[in-house]
Amino acid sequence: MDRPQRVVVTVLGKDRVGLIAGVANVLAENNINILDISQTILQDFFAMIMIVDMRDSYIDLSTLKERLARKGQELGVRIDAQHEDAFNYMHRI
Amino acid sequence: MLTMEEILETIKMIQEENLDIRTITMGISLRDCADTDIQSLCRKIYDKITAAANRLVEVGDEIEREYGLPIVNKRIAVTPVSFLADGKSYDDCVAIARTLERAAEAVGVNFIGGFSALVHKGFTAGDHVVIESIPEVLSTTERVCASVNVATTKAGINMDAVSIMGHVIKDAAYRTADRDGLACAKLVVFANIPEDNPFMAGAFHGFGEPEKVINVGVSGPGVVKKAIEGMGNGDLGALSEKIKKMAFKITRMGELVGRVAAERLGVLFGIVDLSLAPTPAVGDSVAEILEAMGIERCGAPGTTAALALLNDAVKKGGAMASSYVGGLSGAFIPVSEDAGMVRAVENGALNLEKLEAMTAVCSVGLDMIVVPGDVPPETISAIIADEIAIGVINQKTTAVRIIPAPGKKAGDYVQFGGLLGSSPVLPVSRYRASRFIKRGGRIPAPIQSLSN
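Going line by line, the protein sequences match chains A and B.
Here our numbering is used: the first residue of the first sequence is 1, the next is one more, and so on.
Here our numbering is used: the first residue of the second sequence is 1, the next is one more, and so on.
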């Protein structure tokens with residue numbers, strides 16, 4: 001469990017141009033592969049979820065969280081990255 | 001692959017409904033620290049705790065970051081100090097407590113439990129000095145928590161201990177009069193004390209436990225409340241089903257955190273405690289769950305039935321979610337720590353007697369109850385005896401954490417701050433049980449104990 005491979009990236013906030021590109025750039029710069037993307041609009045609230053693979057990443061999860069949070073500030077949205085098990089444990093037996 | 005709904009549900013639980021891991025508690029055996037020389041004993045205790053738990057806070061923070069799940073407290077529970085105190089003096093006990101305080105401070109935990117004695121059948125010399133030193137220890141340390149087990153279903157109730165605890169509680173309150181008797185918030189009197197409870201103030205590392213162990217306490221009243229609110233007028237069977245599902249999800253997070261923490265610390269994983277633990281935060285309240293179920297104010301007729309349903313459903317859902325369940329495992333109803341309970345007391349809906357009835361169907365007992373400072377020690381003992389009897393007869397854990405706030409009268413307010421919250425002072429019956437308490441001796445084990 002020590003080195004997470006699959007990580008869930010969530011982007012929550014107001015929709016705008018360049019959101020996906022902004023997040024994807026951070027991931028690409030650090031050699032993190034995107035496995036799945038889905039997005040939805042709840043009222044005027046935008047939610048995007050990516051499942052990414054960190055196996056060949058140049059950075060660890062803590063650093064990724066920091067970089068995504070910084071990008072989120074730039075774009076005016078909240079971006080977080082969490083170990084996939086946080087969701088698997090709750091929703092999968 | 002996970003669905004969007006599932007991911008958003010988890011995030012909503014954490015961000016809006018206060019889902020968190022209440023505590024990762026490391027149990028540490030101090031049995032190998034026993035020594036006739038007090039200085040050597042204290043040195044061994046300090047070295048053992050700081051070596052075992054030096055990465056506890058770091059690992060807790062790391063898991064919190066990686067999994068995005070708040071872990072509110074990291075704590076330590078140790079072997080009951082009375083075990084090391086046989087042949088020691090009052091001053092030695094205070095020295096041990098100061099050592100625990102220093103060790104807790106060094107590793108950065110906010111509470112360390114285990115300044116404890118198990119006296120359900122009688123006292124050893126060590127038990128006596130530990131209990132005697134509790135008021136001084138709790139009023140001169142910040143992190144040390146004390147507990148005394150005065151009864152078990154198998155042994156009956158040690159009424160001499162119950163009587164002494166009335167005086168100990170009054171003394172501890174008096175010594176912290178400037179803080180409304182805060183020392184008493186770190187002292188729990190138990191029946192059937194669990195050996196692996198991760199929650200303070202009652203945590204200690206039991207005699208059947210391994211060298212070191214990680215136990216986890218989950219929380220999440222807010223999650224259950226929101227789920228019930230979202231159901232509208234479903235019947236009670238449907239309600240129970242819903243609570244079970246939410247309890248399952250909450251407990252899975254505890255299981256995950258416990259396993260990861262144990263693996264990273266190189267320590268055995270003990271148990272997940274399935275308790276619904278409220279905090280003073282709005283919406284993170286067990287009372288509000290009962291109110292969402294249809295009770296106008298917590299404490300109204302119907303409250304005990306609603307709580308029984310809630311407590312049972314939490315256990316059923318939680319038991320399926322974890323391979324090892326233990327500790328207290330039930331809904332907590334601490335008054336000062338639960339904004340809904342405080343409001344119910346203010347509204348006159350909830351009183352000491354109703355709280356006592358509620359403890360018959362949930363964990364843990366009369367918890368964080370503030371009473372007037374002039375309540376005599378015999379009455380405190382009698383309140384303890386009543387609560388303990390419920391536990392002994394029903395073969396469950398019950399406990400009393402009561403604060404006779406010096407100088408305060410019924411209806412006054414006390415403010416403890418942080419997770420301990422604030423509370424109005426509850427009125428207590430002016431009729432006394434002094435003669436009953438002064439009889440002393442041991443109430444025999446009930447017939448239920450003859451189960452072999």
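Note that the Cβ used here is the ideal one computed from N, Cα and C, for glycine as well.
query	result
Cβ pair count under 8 Å reaching 3, the region 145 to 154 of chain B against the region 186 to 195 of chain B	yes
Residue interval of the beta strand (DSSP E) (run including F45/A)	F45 to D53
Nearest neighbour of Y58/A, chosen from I20/A, A21/A and N31/A [CA to CA]	N31/A
Among L256/B, T25/B, E136/B and A125/B, the one whose alpha carbon lies nearest that of V107/B	T25/B
Own chain, CB closer than 6 Å to T40/A, minus 5 neighbours either side, in chain order	A47
Under 7 Å between C-beta atoms of S423/B and V364/B	no
Residues near K396/B in its chain [Cβ-Cβ closer than 7 Å; skip 5 each side]	N192
CB contact flag (E356/B, P278/B, <7 Å)	no
From G421/B, A385/B, I443/B and N452/B, residue whose alpha carbon lies closest to that of A433/B	A385/B
L19/A versus I49/A - alpha carbon distance	12 Å
Closest residue to K408/B among E62/B, V370/B, K245/B and V162/B (Cα-Cα distance)	V370/B
Residue of A104/B, P376/B, I388/B and G421/B minimising C-alpha distance to P406/B	P376/B
Continuous beta strand (DSSP E) assignments of at least 3 residues falling wholly in the region 19 to 81 of chain B	21 to 28 and 71 to 78
Supposed close pair V81/B, P135/B - CB separation, criterion 8 Å	Not confirmed; about 15 Å, so no contact.
Integer-rounded CB distance, given that D284/B should sit under 8 Å from F199/B	Wrong, their Cβ atoms sit about 15 Å apart, outside the cutoff.
Contact check, E66/B vs L35/A, beta carbons under 7 Å	no
Short CB-CB distance (under 7 Å) between M54/A and chain B	no
Option nearest A339/B by Cα separation, candidates Y431/B, D47/B and L350/B	L350/B
Start and end residues, beta strand (DSSP E) containing R175/B	No beta strand (DSSP E) contains R175/B, which is instead part of the alpha helix (DSSP H) from M159 to R175.
One or two residues paired with P404/B in a DSSP bridge	V371/B
Under the three-state DSSP convention, the category K212/B falls into	strand
9 Å Cβ cut-off: residues of chain B touching S62/A	E62, R65 and E66
Coil, strand or helix - P424/B by DSSP	strand
Counted within 10 angstroms of its Cβ, other Cβ atoms place Q82/A as buried (16 or more) or exposed	buried
Contacting positions in the region 238 to 263 of chain B - beta carbon closer than 7 Å to chain A	K249, R252, M253, E255, L256, V260 and E263
Collapsed DSSP secondary structure at D92/B in the structure displayed	helix
Validate contact between the region 98 to 113 of chain B and the region 196 to 211 of chain B using beta carbons, cut 8 Å, 3 pairs	yes
Three or more C-beta pairs below 8 Å linking the region 154 to 163 of chain B and the region 303 to 311 of chain B	no
Check whether C93/B and V130/B have beta carbons under 7 Å apart	yes
Rounded separation between L12/A and E66/A - CA only	16 Å
Amino acids of chain B, ordered along the chain, whose beta-carbon sits closer than 7 Å to that of Y89/A	R252, M253, E255 and L256
Ordered list of alpha helix (DSSP H) runs contained in the region 262 to 342 of chain B, each at least 4 residues	286 to 293 and 303 to 321
The region 296 to 303 of chain B contacting the region 247 to 254 of chain B, beta-carbon criterion three pairs below 8 Å	no
The region 5 to 31 of chain B: positions lying closer than 7 Å to chain A by Cβ	E6, I7, L8, T10 and I11
is_contact[Q82/A, chain B] using C-beta, thresh 7 Å	yes
Cβ contact check for the region 49 to 58 of chain B and the region 219 to 235 of chain B: 3 or more pairs under 8 Å	no
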